[in-house]
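For the sequence shown, the numbering used here gives the first residue as 4, with consecutive numbering after it.
Every residue, glycine too, gets a C-beta built ideally from N, C-alpha and C.
Have a look at the structure below before the remarks.
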Amino acid sequence: MQLVQSTYEQTHKANPPATFDVNKWDHIVFNTDTLLEGSFLLTQGEKIIAFAMLHKTEKSKTLELGWHGSQTLDDIPSILLLTEQQIGYAKKHGFRYLEAEVDTTDPYFTSVLEAYPFSSEPAWVTYQKR
Numbered sequence: 004m005q006l007v008q009s010t011y012e013q014t015h016k017a018n019p020p021a022t023f024d025v026n027k028w029d030h031i032v033f034n035t036d037t038l039l040e041g042s043f044l045l046t047q048g049e050k051i052i053a054f055a056m057l058h059k060t061e062k063s064k065t066l067e068l069g070w071h072g073s074q075t076l077d078d079i080p081s082i083l084l085l086t087e088q089q090i091g092y093a094k095k096h097g098f099r100y101l102e103a104e105v106d107t108t109d110p111y112f113t114s115v116l117e118a119y120p121f122s123s124e125p126a127w128v129t130y131q132k133r
């Protein structure tokens, strides 16, 4: 849980999330749309090196690639391996489409976009009042 939280906070410095305790992060990550069998971890011993979350959507034959992250930016190639596993999972279970919401501040998911060219949609611009 710590790696997911730190990755999210690191990639959202321009628009930081509220401060939550571990139980709240646990609820956020493992909510009802998280597809655990399609979400993957890469571990070395007891240490989590990288993760890739997968989520159900309301759209037919569609899954959403969720948060991806790793211990360091040097571990980004591990994220691509996990994404390949997610693509394989989606194909095996009859899904035809994968979608993702990607922040330009997220180097972890940017690597996925570079490896797998998604068609893009209009961007959401986020403003923060100070």
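Pairing CB atoms from the region 95-112 with CB atoms from the region 65-73, are three or more of them under 8 Å?
-> Output reads yes: the region 65-73 touches the region 95-112.
Three-way DSSP call (helix, strand, coil) for residue 111 in this model | helix
Classify residue 2 as helix, strand or coil using the three-state DSSP reduction.
-> Here the chain comprises residues numbered 4 to 133, so residue 2 is not present and cannot be evaluated.
Who are residue 100's beta bridge partners in DSSP?
-> For residue 100, which the question treats as bridged, DSSP gives the partners 65.
Between residue 95 and residue 108, what straight-line distance do the alpha-carbon atoms span, to the nearest angstrom?
-> 32 Å
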